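Note that this note's numbering gives residue 1029 to position 103 of the sequence shown, counting from 1, and the numbers run on in steps of one.
Cβ atoms here follow ideal geometry from the backbone N, Cα and C, with glycine treated the same way.
For clarity, every value in this text was computed on a predicted model and none was experimentally measured.
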Amino acid sequence: MERSRAEAYEFLSIALEMGEALLVCGAEVNRVEDTISRMGIAYGALEMNVFVITTSIVVTMELSDGNSITLTRRINSPGSTDFRRLARINNVSRHFCKDPMPLDILRSEYENANRPTTKPIRMYIGSALAAGAFAVFFGGNVWDGLIAALFGVLICFFQRELQPLSPNTIVYNITSSFVVGLGICLLARFIPVLNMDKIMIGDIMLLIPGVAMTNAIRDILVGDTMSGTMRVIESVMWAGAIAAGFIMAFWIVW
927 MERSRAEAYE
937 FLSIALEMGE
947 ALLVCGAEVN
957 RVEDTISRMG
967 IAYGALEMNV
977 FVITTSIVVT
987 MELSDGNSIT
997 LTRRINSPGS
1007 TDFRRLARIN
1017 NVSRHFCKDP
1027 MPLDILRSEY
1037 ENANRPTTKP
1047 IRMYIGSALA
1057 AGAFAVFFGG
1067 NVWDGLIAAL
1077 FGVLICFFQR
1087 ELQPLSPNTI
1097 VYNITSSFVV
1107 GLGICLLARF
1117 IPVLNMDKIM
1127 IGDIMLLIPG
1137 VAMTNAIRDI
1147 LVGDTMSGTM
1157 RVIESVMWAG
1167 AIAAGFIMAF
1177 WIVW
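Encoded structure:
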């Protein structure tokens, strides 16, 4: 079915938005490339040339009339891990590939899928449980777990409120880890029963870029060497910023 250039342009804009959302939610590079390519072919494109790295998406769609459309999307969001949202967006793309829908319905389905559904209270409870459980798991006592849980709530607050205001993830990681580390060190200095290292370990687990590093290795193994290398470098820098924040806090207090 032959599509007008305006329709094809609108479709490609939606596909780019979906690709950006997938990447920001934690999807691998090859998943984003494959999703956009399959959607384009299902829409009626003769050929789709998709190039994705962690900071940019470039797509050229060859139309049936011999013309082509190229769009580029700069990825400015630091990204996060939201597999529920990723799965919903992925389901929309699969449904479109199986039975292409009108563009207005596609956009509506995508916007519904991309809407956050996790309640903030669940995120705070999950952060507290994770931080407290890790602190106890690595040898801390009950008080260590409780204190780690309290700082886990603070980290979740920073992730929701501070991270969107930060110029980049490195600044956010240094700031949040320094504030949290300073609070832990002060409490441990005046309350001897607390194990500072165990509490820090529990809270660090909420900050380390584990999924980003895993995706980086996976990208390299499947042949996306450039994207994987960029993810590795980013992950190492983020982890280094976390370490720097806690070290500065330790030096100030002790």
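Rounded straight-line distance, which links the Cα of residue j to that of residue i
i: ILE1073; j: PRO1042; result: 29 Å
i: GLY1052; j: ILE1081; result: 11 Å
i: VAL985; j: MET1139; result: 26 Å
i: MET1126; j: ILE1031; result: 48 Å
i: VAL1068; j: SER1034; result: 48 Å
Endpoints, the beta strand (DSSP E) within which residue i is located
i: VAL985; result: 982-988
Proximity below 8 Å, CB of residue i to CB of residue j
i: ILE1143; j: ALA1165; result: no
i: GLU1037; j: ILE983; result: no
i: VAL976; j: SER963; result: yes
Simplified DSSP state of residue i, which is helix, strand or coil
i: VAL1018; result: helix
i: VAL1119; result: coil
i: PHE1083; result: helix
i: SER1053; result: helix
i: SER1191; result: Shown here, the chain extends from 927 to 1180; a query on residue 1191 therefore has no answer.
i: SER1034; result: helix
i: SER1092; result: coil
i: PHE1060; result: helix
i: SER963; result: helix
i: ASN956; result: helix
i: ALA1114; result: helix
i: GLY1066; result: coil
Limits of the unbroken alpha helix (DSSP H) element including residue i
i: ARG1041; result: Unbroken run through ARG1041: none, as it is neither H nor E.
i: PHE1172; result: 1151-1179
i: PHE937; result: 931-951
i: MET1139; result: 1136-1147
Identity of the residues DSSP links to residue i by a beta bridge
i: ARG999; result: ILE983
i: PHE977; result: VAL984
i: SER994; result: GLU988
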